[in-house]
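Residue 1 is where the sequence shown starts when you use the UniProt record's numbering, and the numbers rise one by one after that.
A short write-up of the structure that comes next.
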Amino acid sequence: MFPYPSGDLHMGHVRVYTLSDMLARFHRMQGKHVIHPMGWDAFGLPAENAALERGISPRDWTLRNIAHMKGQLQLIGLDLDWERELATCQEEYYRHTQALFLKLWEKRLAYRKEAVVNWDPVDKTVLANEQVDSEGKSWRSGAVVEKKSLEQWFFKITDYAEELLAGLDQVDWPQEVKQMQRNWIGKSQGMQFTFPLSASNGEPIQVFTSRPETLMGVTFLAISPSHPLVTSPLVPSSNRATVQSAAAAYLKQQHQFATSDPPKEGTPLGLSATHPITGAQIPIYVTNYVLPDYGSGAVMGVPAHDDRDAAFAQSNKLPVIHVWDAESGRVLAQTGGPLANMSRTDAMSYLAANGIGQPKTQYRLRDWLVSRQRYWGCPIPMIHCPTCGPVGVPAADLPVRVPDAMGDFSDPVRLKCTCPKCQNTNARRDPDTMDTFVDSSWYFMRYLDPHNTKVPFSPSAARAGMAVDLYVGGIEHAILHLLYARFFTKFVHDHVTPLPTTEPFAKLLAQGMVHGKTMRDAHSGKYLKPHELEVDAKTGEVRVKSSGMPPRVTYEKMSKSKYNGVAPEDVIAAYGSDVARAYIIAKAPPNQVLEWDEDAVVGWARWLNRVWGLVSERVGKGGPVVQVVPSGHKWTKEEKQVWVTVNELHQQISTSLENTATLNTYPSNLIKLTHALSSFTFASTSPVYDVSLTRLIQLMAPLTPSLAQELWTNQLTHSGTVWDTWPRPEQVQADVVQVVVQVNGKTRGTVSVERERLANVQEYVMEETEIGEKWIRGKGQVKKVVVVNGGKLVNFILGK
């Protein structure tokens, strides 16, 4: 658990923490050593911006929010390991983040270079590719991202591309999340070709393609707007202004290609390249659809076999040469030249053997840009020396502290320092801070050893605790936090301390969002505030005050602008935390959207009141509530039947808690168990009823811990706590079994059959039941009888 301390919990938080708390309690009751910690992802732009608006320091704002949210968490009834609590803005934490940065630098996995970066003009900072959404906007501010050239720090995540792909086969994650990561890593296998420039003194263009067998169909080369050739002096002087203006415009358009298919535009450079086989002169275009960060930023245009190239060729009147027959899987004889009639494999072998191309694996994944030009973040522990270049801050001097005042973070006087390597007094500290995803890429390992002052975590703690057995978090983390955490874990295993696994999270439960009920004017579509609505006293219908018409009701993501937010404190004040927990788990499977319906919450309050009533009624009859049925007890028929029901439901509950995809069936099975106990009229001295009632309270404990403990200790007066143990269901069989009867595959009803008669269930059903008399006897020849599920279903196949 590692939330950003925004100041207030929302129902999405409550859902995540209820899920994790319930499962942590369940596994603890099974005798397992469970770590269920809480910490705070406390650095970041939102705190800095909020503090600026209020005229206070980000540190004070963040610590105040942490205290408030901690109080809110305690209202939900969470059993958290508060002794392991941490926050990324604490010096005790970020000194180790800096130490890990220096280890990355030592192992040449951190480096600095000038790069065209994503610049957020509102927050005035650089964003990683993963932090720019599909519309080209900042994930934080929503501003349209610009391109800018800056010296930046990167982590070499691309060194782990293959391991990151392979590791996905080792984890129990939703396939959707795995596929998102595979797509982001974007492995492509093909060949790289060299196209010499026609200008004798020009650098040749390197082109990667996943379709090397179509090389003979190249009719143009397309380069990205930031390709070095765009600003090359080789571009004819008469063309330079046009080319560079077009490139600047194309660069701003590129985000559109992530979600739509805008027109493919291009401008000729006035240069050509030489085809590596035919020697033909191939025109070069700067385009809006070639991405600068994939491969070399240049692609070969094969309009006959690529939709984008075809659209571009059509708009620029470029030739189209068909060279590949998809049906036969071979290069065409008439246009294939030396590759004629070859398969893809044969063509690649020929091209490699003749030095025309080199086999290559390409990844879409780019190195992780971690520099941020902000105050409220972990300072990058590097020094820039005029003599030595970048030098790491000595370990003894860590942490490099966040300045006390925001205005100080880029102050030249503060940044001026002495180089620890050559003692040059004109050195300066790196002014940037790290991407906050660096902080959250290793916190789970710190939870294992949170008070270690010497190292981020001891090797013994890491070996004993890794990996995290269950991670509960939204799918929005798929290509950000989850990918970075996997990279960091592999780096730690290779260069810090060996781990039992190189995957941080063995199982992922990606919970759905919580949506609130929205009311909109059916005519205008305007979102309506509560005071703009009224309830008809006679019908109970909700209407819009101004029109008298019913509103349009939908469920949408909770938002202040939609007036559909639900404050956790209000729900808990009205119903209690146990009711909120039960409703959240029961309302929807954990991986689906939960539509919050206030009218349905009260049903779970009625259920808990009913359980309270059962216990109060039993206690009111006097005598101790026993927890074990005496060995000599003579069971009545009713006792046997309820005990079967108790154990069947107990087994289903245990299974749902182990298989998290069906967690929503857990509360409904508790209700069935409550019904079973309510419908039996035991004497006050029935030990079976006592044990069954005790079992119900134990099975409720992970879901509704407050009421369960209250009933356990103060009503049933049992010793210890209700969480001491998770009881084991017994394998018991009912004396009477409900048998489903079908005729020609169509269900005609159910009958009660004594267990000892199941061996001849078909004879019993046909000769001694009303269903047999009505649907089977005398209705035709019984050609076949199919008995399945141990006699619990019997299907009579009748002829005409």
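Beta carbons are placed, not taken as given, at the ideal position from N, Cα and C, and that holds for glycine.
A quick note: this is a predicted structure, and the numbers were derived from the prediction, not measured.
Excluding its 5 nearest sequence neighbours in each direction, ARG428 has C-beta neighbours in its own chain below 6 Å: HIS384, LEU415 and LYS416, listed in chain order. With a cutoff of 8 Å on beta-carbon distance, ALA313 and THR219 are scored as near each other.
A distance below 7 Å between beta-carbons, with the five flanking residues on each side excluded, links GLN281 to the following residues of its chain, in chain order: SER198, SER272 and THR274.
Here the stretch 285-305 makes contact with the stretch 215-229; the two share three or more CB pairs at distances below 8 Å. In the structure shown, PRO450 adopts coil according to DSSP, grouped into three states. By the beta-carbon neighbour count (other beta carbons within 10 angstroms, threshold 16), PRO568 is buried. The beta carbons of TYR555 and CYS378 sit about 39 Å from each other, so the pair does not count as a contact at 8 Å. When secondary structure is reduced to three states using DSSP, SER654 falls in the helix class.
DSSP assignment within the stretch 107-143 yields the following whole beta strand (DSSP E) runs of 3 residues or more, N-terminal first: 110-120 and 125-127. CYS385 has GLY389 as its beta-bridge partners, per DSSP. About 5 Å separates the CB atoms of LEU45 and ASP123; that is less than 8 Å, so the two are in contact.
In this structure, the alpha-carbon of VAL626 lies about 41 Å from that of VAL794.
With a cutoff of 8 Å on beta-carbon distance, GLY337 and THR278 are scored as near each other. Non-local beta-carbon contacts of PRO381 in its own chain, meaning distances under 7 Å to residues more than five positions away in sequence, involve GLN98, PHE101, LEU102, GLY392, VAL393, LEU398 and VAL400 in chain order.
The beta-carbon distance between GLN90 and VAL126, rounded to whole angstroms, is 25 Å. This is too long to meet the 8 Å contact definition.
The three-state reading of DSSP puts TYR575 in helix, counting H, G and I together. With 16 or more other CB atoms across the displayed protein chains lying within 10 angstroms of its CB, ARG330 is buried.
If you look at TYR17, you'll find it in the alpha helix (DSSP H) that goes 11-29. For ALA485, the enclosing alpha helix (DSSP H) starts and ends at 481-495. Distances from the alpha-carbon of ARG755 to those of GLU773, ASP735, THR747 and LYS746 put ASP735 closest. Three or more beta-carbon pairs drawn from the stretch 502-510 and the stretch 469-479 are found closer than 8 Å, and the two stretches are therefore classed as touching.
Non-local C-beta neighbours of THR704 in its own chain, meaning closer than 7 Å and more than five positions away in sequence, comprise ASP578, ARG581, ALA582 and LEU608, ordered along the chain. Residue burial annotation: ARG777 is exposed, with fewer than 16 other C-beta atoms found within 10 angstroms of its C-beta. Membership of ARG748 in any alpha helix (DSSP H) is not indicated; the residue belongs instead to the beta strand (DSSP E) covering 746-754. Note that the C-beta distance between VAL566 and TRP596 is below 8 Å. ASN795 sits in a strand when the DSSP states are folded into three classes.
Distance between LEU758 and LYS783, taken at the CA atoms: about 20 Å.
Residue burial annotation: ASN659 is exposed, with fewer than 16 other C-beta atoms found within 10 angstroms of its C-beta. According to DSSP, ALA246 shares a beta bridge with no other residue.
For PHE312, the uninterrupted alpha helix (DSSP H) run begins and ends at 307-315, by DSSP.
Straight across, the Cα-Cα distance linking PRO121 with ILE479 is about 23 Å.
Using a C-beta cut-off of 8 Å, the stretch 238-249 makes no contact with the stretch 163-178, since fewer than three inter-stretch Cβ pairs fall below that distance. Close CB contacts of LYS557 within its chain, under the 7 Å cut and outside five residues either way in sequence, are with MET513 and HIS515 (chain order). Distance from the CA atom of ASN647 to the CA atom of THR685, rounded to whole angstroms, is 21 Å. Where PRO58 is concerned, the enclosing alpha helix (DSSP H) starts and stops at 58-75. Approximately 16 Å separates the beta-carbon atoms of PHE193 and PRO283; this is outside 8 Å, ruling out the contact.
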